[in-house]
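**Q** Take this structure first; my questions come after.
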Amino acid sequence: MQVILDQDRCCSSGQCVLTAPEVFEQSDEDGLVTLRQEHPAPGLHADVRLAAVLCPGGAITASEAAGAP
Amino acid sequence: MTTTPTAPAALALPAAHGSCPFDPPPAYDQAARQGTVTPAELPDGAFCWLVTGHHEVRTVLSDPRFSADARHPGFPFLTPGRRALAVTNPSFIRMDDPEHARLRRMVTKDFLVHRVDAMRPGIQRIVDETLDRMTAAGATADLVTDFALPVPSLVICLLLGVPYEDHELFQAQSRTLLDNRATQSEVEAAQRRLIDYLTELAARKKREPADDMLSRLAAREDVSPAEIASTGLLLLVAGHETTANMTALSTVALLRRPEQAARLRADPGLVRGAVEELLRYLTIVQSGLARVAVEDVDLGGTLVRAGQGVLAMLSTANRDEELFGAADELEVSRDARRHLAFGFGVHQCLGQPLARAELQIALETLLRRLPGLRITVPEEQLVFRGHSVVYGVDSLPVAW
Ligand code: SF4
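Those sequence lines, one after another, are chains F and U. In terms of this note's numbering, the first sequence is residues -15 to 53. In terms of this note's numbering, the second sequence is residues 72 to 471.
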């Protein structure tokens, strides 16, 4: 799985940090989402998918395209 | 296929409550049973769409073809007071990007998850001291005025830099602002008092800055005094009214289902999930979030035309049976994270990490410290605030 962020769509709601704190964090400066890891381990995939669903700005894409580790 | 119904059913908005004070008004439920997007009539006679399905509510709140800018003709208002409020001193909840993002981003910093986590010990102290005062004063209390309202008021005052001693002024004015029965001139007067109060406070903070949000805003060159006042007003009102009502209403809901309260007492670790479930079940913004279509949109098979108003009904979306089985039941251990109680899209509640922390701490502490907590009047005597933008209970007589 590869996690892709569109920071322009982030409204700093923090939903992603609450849902998958191992993968997402909020920058201290402006609260915009940043990634702690781009290719989370399979055990985190369900949380990342939920974070993508919960993100109010649609800023998170979890890509499971062939080839993505 | 898209359909455009001919004659809208006249639905009085905001709708009256039915026999269960926790369920969405029956008229909204009935609309939800007819379809996810149904025609309705506003009190001023204007047409609008009532959007009741979870999927469609998310679409309305996240698709830029629906605008939050109340200056658009066709924007739906439930009362003339709400129109006055949105148009005279609009805060960023009534703006679209990029104007909205510019103002919102100035205050996001204080609501980040890790910032709020660092505030938890301070919130715990406020909750404990408020309970100490309440229990020291006797064996009965009004849980609204003695606990549910002071806790979030103290927290938001600290964060914004508003002196808590002025709470009577801003609590009374906030109630008027949110009251659907208030006349336009009453709402305008309340708003003016709050704007004047905050403008003066911000000017003082500019001269004598402290470590708080109003001081930081006042020090900036890129934000006008009017913008500071309207942002301060939004955060002050939203910061205490919503959490206060959630705390009181959650207590009623939990005491009414003692087995749910017992589960929480036995396992305080459940409180995070329980707060999400209470947010879902109670959905205190019951009259919906207003938007206006700025382009024609096919919404769940219904054609919404540019210029038509829509009301996104969070309460019925949160009772979606497909997402939440037995949706009309309060079940503290269910996974309710997909609820829309904080809204959705770029306007989703900015203060939600703070609201969550306050509710988790307040409810856990209340149940732990007062194991014998009970309501001292029959439920029929509780006065629910169906007339307010933020649903709640007017007063809650309790003993322990
Ligand atoms: S959930 Fe979305 S909008 Fe909220 S902080 Fe994360 S990326 Fe940003």
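Backbone N, C-alpha and C fix where the C-beta goes; we use that ideal spot for every residue, glycine too.
Look at residue 386 (chain U) and residue 85 (chain U) and say whether their C-beta atoms are less than 8 Å apart.
**A** As a working note, residue 386 (chain U) is residue 315 in the second sequence. As a working note, residue 85 (chain U) is residue 14 in the second sequence. No. Outside cutoff.
**Q** Let me make sure I understand the geometry here. Which of U:251, U:185, U:435 and U:187 has the alpha-carbon closest to that of residue 322 (chain U)?
**A** Numbered from 1 along the second sequence, position 251 holds the residue referred to as residue 322 (chain U). Checked all of U:251, U:185, U:435 and U:187; the closest Cα to residue 322 (chain U) is U:435.
**Q** Quick check on DSSP: helix, strand or coil for residue 405 (chain U)?
**A** Within the second sequence, residue 405 (chain U) is the residue found at index 334, counting from 1. Coil.
**Q** Just to make sure I have the definition right: I need the residues of chain U whose C-beta is within less than 7 Å of the C-beta of residue 21 (chain F). Which are they?
**A** Along the first sequence, read from residue 1 onward, the residue named residue 21 (chain F) stands at position 37. Those do not exist, as residue 21 (chain F) stays about 17 Å from chain U at its closest Cβ, beyond 7 Å.
**Q** If we count the other Cβ atoms within 10 Å of its Cβ and call it buried at 16 or more, is residue 311 (chain U) buried or exposed?
**A** Position 240 of the second sequence, counting from 1, holds the residue named residue 311 (chain U). By the 10 Å Cβ count, residue 311 (chain U) comes out buried.
**Q** Quick check on this structure: which residue in U:166, U:181, U:299 and U:111 has the alpha carbon closest to the alpha carbon of residue 417 (chain U)?
**A** Here residue 417 (chain U) refers to the residue found at position 346 of the second sequence. The option with the nearest alpha carbon to residue 417 (chain U) is U:166.
**Q** Are there 16 or more other CB atoms within 10 angstroms of the CB of residue 201 (chain U), so buried, or fewer, so exposed?
**A** The residue given as residue 201 (chain U) occupies position 130 in the second sequence. With 16 or more other Cβ atoms within 10 Å, it is buried.
**Q** Which residues in the same chain have their Cβ closer than 8 Å to the Cβ of residue 309 (chain U), if we skip the five residues on either side of it in sequence?
**A** For the purposes of this step, residue 309 (chain U) is taken as the residue at position 238 of the second sequence. So the list reads 420 and 422, once near-sequence residues are dropped.
**Q** Mind pulling the chain F residues with CB within less than 9 Å of residue 416 (chain U)?
**A** Numbered from its first residue, the second sequence carries residue 416 (chain U) at position 345. -5, 40, 41 and 42, listed in chain order.
**Q** Pull up the DSSP beta-bridge partners for residue 420 (chain U), would you.
**A** Mapped onto the second sequence, residue 420 (chain U) falls at position 349. For residue 420 (chain U), which the question treats as bridged, DSSP gives no partner whatsoever.
**Q** So that I know if they touch, is there some Cβ in chain C lying closer than 8 Å to that of residue 32 (chain F)?
**A** Note that chain C does not occur in the displayed structure, where the protein chains are F and U.
**Q** Taking 6 Å as the limit between beta carbons, can you name the residues of its chain near residue -6 (chain F), skipping five residues before and five after?
**A** If you number the first sequence from 1, residue -6 (chain F) lands on position 10. Closer than 6 Å at Cβ, skipping near neighbours: 16, 17, 41 and 43.
**Q** Please classify residue 8 (chain F): does DSSP put it in a helix, a strand, or coil?
**A** Locating residue 8 (chain F) in the first sequence gives position 24, where the first residue counts as 1. Residue state, collapsed to three classes: strand.
**Q** Taking only beta-carbon atoms, is residue 14 (chain F) less than 8 Å away from chain U?
**A** Numbered from its first residue, the first sequence carries residue 14 (chain F) at position 30. At least one chain U Cβ lies under 8 Å of residue 14 (chain F).
**Q** Using a C-beta to C-beta distance shorter than 8 Å, which residues of chain U count as neighbours of residue 10 (chain F)?
**A** Translated into positions along the first sequence, residue 10 (chain F) becomes position 26. Within 8 Å Cβ-Cβ: 183, 184 and 185.
**Q** State yes or no: is the beta carbon of residue 27 (chain F) nearer than 8 Å to at least one beta carbon in chain U?
**A** As a position in the first sequence, residue 27 (chain F) is number 43, starting the count at 1. Not one chain U Cβ lies under 8 Å of residue 27 (chain F).
**Q** Say yes only if the C-beta of residue 38 (chain F) is nearer than 7 Å to one or more non-hydrogen atoms of the ligand SF4, and no if none qualify.
**A** Taking the first residue of the first sequence as position 1, residue 38 (chain F) is located at position 54. For the ligand SF4, at least one heavy atom lies less than 7 Å from the Cβ of residue 38 (chain F).
**Q** Are the beta-carbon atoms belonging to residue 361 (chain U) and residue 146 (chain U) less than 8 Å from one another?
**A** In the second sequence, residue 361 (chain U) corresponds to position 290, counting from 1. In the second sequence, residue 146 (chain U) corresponds to position 75, counting from 1. Yes. Within cutoff.
**Q** If contact means a Cβ-Cβ distance below 8 Å, which residues of the region 399 to 425 of chain U contact chain F?
**A** Listed by position along the chain: 408, 409, 413, 414, 415, 416, 417, 418, 419, 420, 421, 423 and 424.
**Q** With a threshold of 7 Å (Cβ to nearest heavy atom), would residue -5 (chain F) be considered close to the ligand SF4?
**A** Residue mapping note: residue -5 (chain F) aligns to position 11 of the first sequence, counting from 1. It does: the Cβ of residue -5 (chain F) is within 7 Å (strictly closer) of some heavy atom of the ligand SF4.
**Q** Going by the beta-carbon positions, is the gap between residue 241 (chain U) and residue 307 (chain U) smaller than 8 Å?
**A** Looking up residue 241 (chain U) in the second sequence gives position 170. Looking up residue 307 (chain U) in the second sequence gives position 236. Yes, Cβ-Cβ distance for residue 241 (chain U) and residue 307 (chain U) is below 8 Å.
**Q** Which ranges does the alpha helix (DSSP H) cover as unbroken runs of at least 4 residues, wholly within the region 94 to 152 of chain U, from first to last along the chain?
**A** Segments of the alpha helix (DSSP H) lying fully in the region 94 to 152 of chain U: 97 to 105 and 125 to 133.
**Q** Just to confirm the assignment, what range does the beta strand (DSSP E) spanning residue 213 (chain U) have?
**A** On the second sequence, residue 213 (chain U) is found 142 positions in, with the first residue counted as 1. Element bounds for residue 213 (chain U): 211 to 213.
**Q** Please list the terminal residues of the continuous beta strand (DSSP E) segment that includes residue 369 (chain U).
**A** Walking along the second sequence from the start, residue 369 (chain U) turns up at place 298. Per DSSP, residue 369 (chain U) belongs to the beta strand (DSSP E) from 368 to 370.
**Q** Comparing C-alpha positions only, which one of U:113, U:117, U:126 and U:91 sits nearest to residue 107 (chain U)?
**A** Within the second sequence, numbered from 1, the residue matching residue 107 (chain U) stands at position 36. Measuring from the Cα of residue 107 (chain U), the nearest candidate turns out to be U:126.
**Q** Does the CB of residue -2 (chain F) have a neighbour CB from chain U at under 8 Å?
**A** For the purposes of this step, residue -2 (chain F) is identified with residue 14 of the first sequence, where counting begins at 1. Judged by the 8 Å Cβ criterion, residue -2 (chain F) is in contact with chain U.
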